[in-house]
Every structure is written in structure tokens, then in C-alpha cells.
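When the letters of the sequence shown are read in order and numbered with the numbering used here, they come out as residues 7 to 461.
We put the CB at the ideal spot given by N, CA and C, even for glycine.
Have a look at the structure below before the remarks.
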Amino acid sequence: MTPLEALGMTEKESKYAYKRKSAWEILTKDQIKKAFDFSEEYKKFLNNAKTEREAIQEIKKIAKKHKKKIILNRESEAAIVLLGKKPISEGVRIVISHVDSPRLDLKQVPLFEDSESNLALFETHYYGGIKKFQWVTIPLALHGVVVKKDGTKQIFTLGEDEKDPIFSVPDILPHLSHEVQDTKKMSDAIKGESLDIIVGSRPVKGDIKGKIKAAILDKLHEDYGMIEEDFISAELEAVPAFKARDMGFDKSLIGAYGQDDKSCAFTSLKAIIDLNRPEHTAISLFVDKEEIGSEGNASAQVITFLRSIIKELDPNVDMDGVMLKSKVISADVNAAVTPNYTEVFELKNASSLGNGIVMSKYTGHGGKYSANDASAEYVAEIRTMLNKAKIPWQTGELGKVGKGGGGTVAKYFSRLGMEVIDLGPAVMSMHAPYEVTSKADVYSSYLAYSAFLKS
Ligand code: MN
Ligand code: MN
């Protein structure tokens, strides 16, 4: 149903009515071709950047290739900075996205042997908001870093190459699931503690306890020089081993892991890479830990990182003055209207795949709790910018009032006195191992971030 139909009007009834149009109709033929080419690069990025550390490495590689100034905060936060014509004291333009995505983290002491099933498994602790049943019986790859006691780092990417083994969380067969799953609430059917990953089954020979675990430890030592205690100083993440793929006969969609929020990370990266001498100094900022509430020293709440960047650009600047004059896009995804579940959306105010980048004036839950609520003036400014540049966009609110909700990093920047609004593509099956976006929306996001950073 279009918003107009929802209002009970046909288009002829009011030429003044707000009507959403398909991005595929607004984009020119040439732009659609570019959108498809852009998606090829995007899929490569998604395949190479499944974790926050990998995303930052990939962003660094691309920035260096294009001779752009990149500043890192540890291993999982980065900023690309492009000086503008105006002095820093006039404020900056920031597009901020997050590079972490929901997944299964390994616990500190992950390895154990289950003698009844003859398996060695890893204990996991899930990261971010997942629906647990989506993470069983799919191929998983292990990504991350192990820091050994001498400080040397072992980087892991196992399960991506065709020749690599993959890992998987086992599930009970339907013949026996009645009591343990089928009669339970969906959210209780699979417990966090049962998301254990199979890592091997072949025992060592001899008369010792835990022969399968011993065999895995031998193999880890042989291949990586690791001992069991090394897991304690590691960040190992089990992520879907799927590759990013085109979806649909018309190839108009992209299916991939981690599009929340790497769709925004990649498009804002490309936007600043392709930019020359903007009006205001432009910054694309990539942060970690959004999915667990932006806590931690590489998260959006580390304002000291942004401060240090601004200070480096102009040591004598009045920091509060800069903040008050700065404008921000919180580049994060919104929920796409999902077939069979339209009852949780209020359709006049929900975003759909293929209708362009989504502008969310506010996020939060309940009575707009924890929301950044952008001012009408700033919304108007962004709306005018998008309309002028003929960039497809739609407005969007995450679900019906009281049905749920969600937050973004917007509030941490508005607290500094900056103008902030949420702007990003709609994603279907958000936080699932395989998320869906529209190529037209991803490209619209690139166009929108480009127009903003240039302003
Ligand atoms: Mn997000
Ligand atoms: Mn998310």
C-alpha cells in the first residue's frame, strides 16, 4: 500500500500528497548501471570485511590506495579526513557508520570435549541482538586474532577458502525436537549456552582422558603454535561462511552477512574517496561496538578520538565551537518492510527495499526513549539536499509504536551539540546470518553521503 492509498486517496486527488517513488524510477539509466557496478565492489568489500578488524584493515587499504588521510584508533576504529575550503572553526561534516556486526564470539576457555557425542566443540557467547535459531546448522568461518603470551599475533581467517574447513552449530532433528524445542517459545527453544560449535571428532591414540580435545590442541599447536591458554587473550568470532551474492532473477538485491552496518561503512568510504576539496572539512568515521551499546575504547562514545583529530587539524581551535557548528549523518540501516510480517510496521512511516536511502528523524523505543530526535530544520536541510540532487529517499521509522525499536550512535554526537540525523539503506532480515539490501538503495546511500560530505 502506498502512503496515499493508506490515506484513501488516489494520486489525482491531491498533487500535494507525499508519495514515495521507487528508486529504480528516479535513478537514471546511467545511474542504474553504475549502481550495479558499485555493487560488485561492495560485495568484495563484504567478503573481505566480515569482522570489525578486517573492515578497518580493508578501509585502510582502500584509503591508502587513493592517498587519503586515515587515522586509526587501535584496531577497530578509523577516520578518513579530507580538508575543506572553509576553516575548521566553521565546523565539519561527519558521516559515521559502525563496522561491527552480530556474530558468535568464542568464550575465554572455549574448547571442550563432549564424550557422549564424540565431538570437540567451542563454547560461544553471542555478540549483539541475534535470533539464536538462525545461527544453527549453517556454515561458519572463524575470524579474529590470538595474541600469544610473547605478544605475537596470530590472525585467523578459516572457513572462507573453498579448501578450508568450516564450523557449525549442531541442532536436534525434527523427529526428536517436540519436547525440547517445538512446544517452547521461539526465543527459548535454543539457549545461548547451546550455541556450541563443532570443531573436530578424531581422537588421538592412547590411554588418556579427552582424546578428541587433545587432538585439537595438538593440531592448533602444530598449525598456529597455540596453547590452550592463548584463547584467553584472543578475539575469535564465528561468522557466516557465506559469500555476498546477487539475489533474485533480476539481480536487484544483495544477500550477505554484515550489511548492518557495512553497507553504510562502504558507501561512506567510497563517498569520501571520490570527493575533492569539499566546502567544510569532511570526515568519514568508522566505529566499533555499536551492536552492544557503543561501549568501549573504539566505540562512538570515545569522543576523545574525534577531538584529537580536530585538534590535529587546527591546534588552536575552540573545540566546543566546532562541535556546535558541525553536522553529522549517523549512517545506519533501517528495517525494511518484511513480507508476512507487515503487522509490526506502520506502513505510511516504514521503509521498503528499493525506495532509496531512509531518513529517520528519530529512533529509540516507547515514547522516543533514548532517541536522537533531529530538529525539523535539520531534516528540512537534508531533505532539500536530497531532492536537489535527485537522490531517491524515503522516510522510515523502525516498526509500529510500542512494537520494539532500536538505537544508533546518533545520540552520542547530538550530545556534543552537533546536528545529527539517521540516514542509511533499509535492510531485510537484519541481524540474520544473511541480510538483504537493494542495489538501488545502496547506491542511493553513496550518492547521499557524497552530497552531504561535499556540502
Ligand atoms: Mn546498525
Ligand atoms: Mn544492528
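Can we say the segment 434-446 touches the segment 369-389, given the rule of at least three CB pairs closer than 8 Å?
-> no
Go to R208, then tell me how far its alpha helix (DSSP H) extends in each direction, as first and last residue.
-> In the sequence shown, the residue the question calls residue 208 occupies position 202. Premise fails: R208 is in no alpha helix (DSSP H) and is neither H nor E.
Could you pull out every residue in the same chain whose Cβ sits closer than 8 Å to the Cβ of L146, ignoring the five residues on either side in sequence?
-> Position 140 of the sequence shown holds residue 146. Excluding residues within five positions, the ones whose Cβ falls inside 8 Å are L110, G165, I172, F173, S174, V175, I203, A244, V245, P246, A247.
Same chain, Cβ closer than 6 Å to A85, neighbours up to 5 away in sequence not counted = If you number the sequence shown from 1, residue 85 lands on position 79. These residues qualify, in order along the chain: I77, I289, L291, I315.
Beta-bridge partners of F162, as assigned by DSSP = As a first step, residue 162 is located in the sequence shown; it is residue number 156 there, counting from the start. In the DSSP output, where bridge partners are listed per residue, F162 has G150.
In the DSSP assignment, what residue or residues form a beta bridge with H371?
-> As a position in the sequence shown, residue 371 is number 365, starting the count at 1. Bridge partners of H371: Y375, G411.
Could you check how far apart the C-beta atoms of S332 and V98 are, in whole angstroms? I think they sit under 8 Å.
-> Within the sequence shown, residue 332 is the residue found at index 326, counting from 1. Within the sequence shown, residue 98 is the residue found at index 92, counting from 1. Sure, about 5 Å apart at Cβ, within 8 Å.
Under the three-state reduction of DSSP, which class applies to P345: helix, strand or coil?
-> For this step, residue 345 is matched to residue 339 along the sequence shown. Here P345 sits in coil by DSSP.
Can you tell me whether DSSP reads G430 as helix, strand or coil?
-> Here residue 430 refers to the residue found at position 424 when the sequence shown is read from its first residue. G430 falls in the strand class under three-state DSSP.
Say the cut is 6 Å; is the CB of D252 nearer than that to a heavy atom of ligand 3?
-> With respect to small molecules bound, the structure shown includes ligand 1 and ligand 2 and not ligand 3.
As assigned by DSSP and simplified to three states, the class of Y133 = Residue 133 sits at position 127 when you count from the first residue of the sequence shown. Strand, per DSSP.
If you draw a straight line from the C-alpha of K219 to the C-alpha of K154, how long is it?
-> To locate residue 219, count along the sequence shown from 1; it is residue 213. To locate residue 154, count along the sequence shown from 1; it is residue 148. Approximately 20 Å between the Cα atoms of the pair.
Going straight from the alpha carbon of E441 to that of G261, what length do you get?
-> In the sequence shown, the residue the question calls residue 441 occupies position 435. In the sequence shown, the residue the question calls residue 261 occupies position 255. The alpha-carbon atoms of E441 and G261 are separated by roughly 6 Å.
If we ignore side chains and look at the alpha-carbon of each, how far apart do L404 and K374 end up?
-> For the purposes of this step, residue 404 is taken as the residue at position 398 of the sequence shown. For the purposes of this step, residue 374 is taken as the residue at position 368 of the sequence shown. Their backbone Cα atoms lie some 11 Å apart in a straight line.
Validate contact between the segment 228-241 and the segment 410-424 using beta carbons, cut 8 Å, 3 pairs = no
Return yes when the C-beta of P106 is under 6 Å from any heavy atom of ligand 1, and no when it is not.
-> Taking the sequence shown and counting its residues from 1, one reaches residue 106 at position 100. In the sequence on display, residue 106 carries Asp and not Pro. No - ligand 1 has no heavy atom lying nearer than 6 Å to the Cβ of D106.
For N124, name the three-state secondary structure that DSSP assigns.
-> Counted from its first residue, the sequence shown places residue 124 at position 118. Residue state, collapsed to three classes: coil.
In chain order, what residues of the same chain have a beta carbon less than 7 Å from the beta carbon of E96, not counting five sequence neighbours either side?
-> Working through the sequence shown from its first residue, we reach residue 96 at position 90. Only H286, K331 meet the Cβ criterion.
Is any heavy atom in ligand 2 found nearer than 6 Å to the beta carbon of E243?
-> Along the sequence shown, one-based indexing puts residue 243 at 237. Checking the Cβ of E243 against ligand 2 gives no.
To which residues does DSSP link R251 through a beta bridge?
-> Looking up residue 251 in the sequence shown gives position 245. Answer by DSSP bridge pairing, in chain order: G261.
At a cut of 8 Å, does the segment 442-458 reach the segment 363-382 through at least three beta carbon pairs?
-> yes
Return the Cβ separation of F128 and V205 in integer angstroms, given the expectation that the two are a contact with Cβ distance under 8 Å.
-> Here residue 128 is taken as the residue at index 122 of the sequence shown, counted from 1. Here residue 205 is taken as the residue at index 199 of the sequence shown, counted from 1. The pair is a contact, with the Cβ atoms about 5 Å apart (cut-off 8 Å).
Any heavy atom of ligand 1 nearer than 5 Å to the CB - residues listed | D266, D267, D338
Answer with buried or exposed for D266, where buried requires no fewer than 16 other C-beta atoms within 10 angstroms of its C-beta.
-> Start at 1 with the first residue of the sequence shown, and residue 266 comes out as number 260. By the 10 Å Cβ count, D266 comes out buried.
Using the DSSP secondary-structure output, state which residues sit across from T401 in a beta bridge.
-> Against the sequence shown, residue 401 aligns to sequence position 395. Answer is M365.
Using the beta-carbon count (16 or more within 10 Å), is V407 buried or exposed?
-> Sequence index remark: in the sequence shown, residue 407 carries index 401 (1-based). Classification for V407: exposed.
Apart from the five residues on each side of it in sequence, which residues of its chain come closer than 7 Å, Cβ to Cβ, to I298?
-> For this step, residue 298 is matched to residue 292 along the sequence shown. Contacts found: Y133, G134.
DSSP on R421, reduced to helix/strand/coil?
-> Position 415 of the sequence shown, counted from the first residue, corresponds to residue 421. Of the three classes helix, strand and coil, the one that applies to R421 here is coil, per DSSP.
Assigned secondary structure, T143 (DSSP; H/G/I helix, E/B strand, else coil) | Here residue 143 refers to the residue found at position 137 when the sequence shown is read from its first residue. The answer is coil: DSSP assigns T143 none of H, G, I, E or B.
For K268, the nearest candidate out of R421, Q37, A61 (CA to CA) = The residue labelled residue 268 in the question sits at position 262 within the sequence shown. Minimum Cα distance to K268 is reached at A61.
State whether the segment 269-276 contacts the segment 57-73, with contact taken as three or more CB pairs (one from each stretch) at a distance under 8 Å.
-> yes
Rounded C-alpha distance that separates Y449 from T443 | The residue you call residue 449 lines up with position 443 of the sequence shown. The residue you call residue 443 lines up with position 437 of the sequence shown. Rounded to the nearest angstrom, the two C-alpha atoms are 11 Å apart.
May I ask which residues mark the beginning and end of the beta strand (DSSP E) holding H104?
-> Translated into the one-based positions of the sequence shown, residue 104 becomes position 98. H104 -> beta strand (DSSP E) spans 98-104.
If you draw a straight line from the alpha carbon of E301 to that of K295, how long is it in whole angstroms?
-> Taking the first residue of the sequence shown as 1, we reach residue 301 at position 295. Taking the first residue of the sequence shown as 1, we reach residue 295 at position 289. E301 and K295: Cα-Cα distance of roughly 6 Å.
Same chain, Cβ closer than 8 Å to L201, five either side skipped, listed in chain order | Taking the sequence shown and counting its residues from 1, the one referred to as residue 201 is at position 195. The answer, listed in chain order, is L110, T130, Y132, K138, W141, V142, V175.
Sequence-distant residues of the same chain with beta carbon closer than 8 Å to A221, five excluded per side | By 1-based counting over the sequence shown, the position of residue 221 is 215. A126, G206, R208, P209, V210.
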